[in-house]
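Everything below concerns the one structure shown next.
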Amino acid sequence: MFSLPSTLLLLSLLSLSLQTSLKILNTPDQPAGHSGDCRKPLLCSGVSLHFSTVHPVYSWWDSTFYRGRVAKRVNMSECGFVSNAVVTATARTRKGSAGNCPAIYTSRVNVREFNVYSVEELSAKEIGKVNCDVHWIATGYTDCD
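Per our numbering, the sequence shown starts with residue 3, numbered consecutively.
This is the structure we're talking about:
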């Protein structure tokens with residue numbers, strides 16, 4: 003099969019490809035109660051589907067806070083952040099869906115979830131026809147376990 007030098011080279015390359023470096027310059031806040039504790043940087047991402055069978059709040063709804071706009075809550079609790087993360091999100095249609103998703107912005111970010119709101123005015127019924135999922139990435143800190 004492989005000679006010893008080939009195997010060592012392959013293992014070295016594999017090891018290098020698995021090592022990553024993430025440096026966080028700053029975040030909106032320091033981890034509450036974790037200022038002296040060990041914490042490590044974390045990059046976590048996901049896709050929140052346009053509908054939810056778990057709870058209606060994770061589907062698109064007509065915002066009562068920002069009238070005329072739609073909102074959606076995104077769950078990121080599995081990331082395990084110990085402080086509020088920096089979150090970037092975009093709405094994107096599912097393959098085969100007609101129409102365009104609205105521009106969105108994030109709000110009310112905490113360690114477990116965040117909300118997104120549409121920039122332009124539209125209803126939950128309108129966005130439901132387009133099937134817009136929320137693609138997101140969050141950067142923050144987790145405990146050093």
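Glycine is no exception: its CB is placed at the ideal position from the N, C-alpha and C atoms.
Whole angstroms is fine: what's the gap from residue i's alpha carbon to residue j's?
{"i": "residue 23", "j": "residue 84", "result": "20 Å"}
{"i": "residue 131", "j": "residue 111", "result": "27 Å"}
{"i": "residue 87", "j": "residue 123", "result": "27 Å"}
{"i": "residue 47", "j": "residue 26", "result": "16 Å"}
{"i": "residue 43", "j": "residue 141", "result": "7 Å"}
{"i": "residue 103", "j": "residue 117", "result": "16 Å"}
{"i": "residue 65", "j": "residue 74", "result": "9 Å"}
{"i": "residue 53", "j": "residue 61", "result": "5 Å"}
{"i": "residue 146", "j": "residue 80", "result": "16 Å"}
Tell me the DSSP secondary structure of residue i in three-state form.
{"i": "residue 150", "result": "Absent from the model: residue 150. The displayed extent of the chain is 3 to 147, so no value can be given."}
{"i": "residue 104", "result": "coil"}
{"i": "residue 68", "result": "coil"}
Looking at the secondary structure, which residues open and close the alpha helix (DSSP H) in which residue i lies?
{"i": "residue 26", "result": "That residue, residue 26, is in no alpha helix (DSSP H); it is neither H nor E in DSSP."}
{"i": "residue 126", "result": "126-132"}
Looking at C-alpha atoms only, which residue of the options is the closest neighbour of residue i?
{"i": "residue 93", "options": "26, 58, 76", "result": "76"}
{"i": "residue 105", "options": "113, 98, 115, 90", "result": "90"}
{"i": "residue 72", "options": "138, 145, 121", "result": "121"}
{"i": "residue 128", "options": "29, 55, 63", "result": "63"}
List the whole-angstrom C-beta distance separating residue i from residue j, where the pair is believed to meet the contact cut-off of C-beta under 8 Å.
{"i": "residue 144", "j": "residue 41", "result": "7 Å"}
{"i": "residue 137", "j": "residue 59", "result": "That belief does not hold up - the Cβ atoms of residue 137 and residue 59 are roughly 19 Å apart, past 8 Å."}
{"i": "residue 95", "j": "residue 134", "result": "6 Å"}
Just to confirm the assignment, what range does the beta strand (DSSP E) spanning residue i have?
{"i": "residue 55", "result": "First-last for residue 55: undefined, no H or E at that position."}
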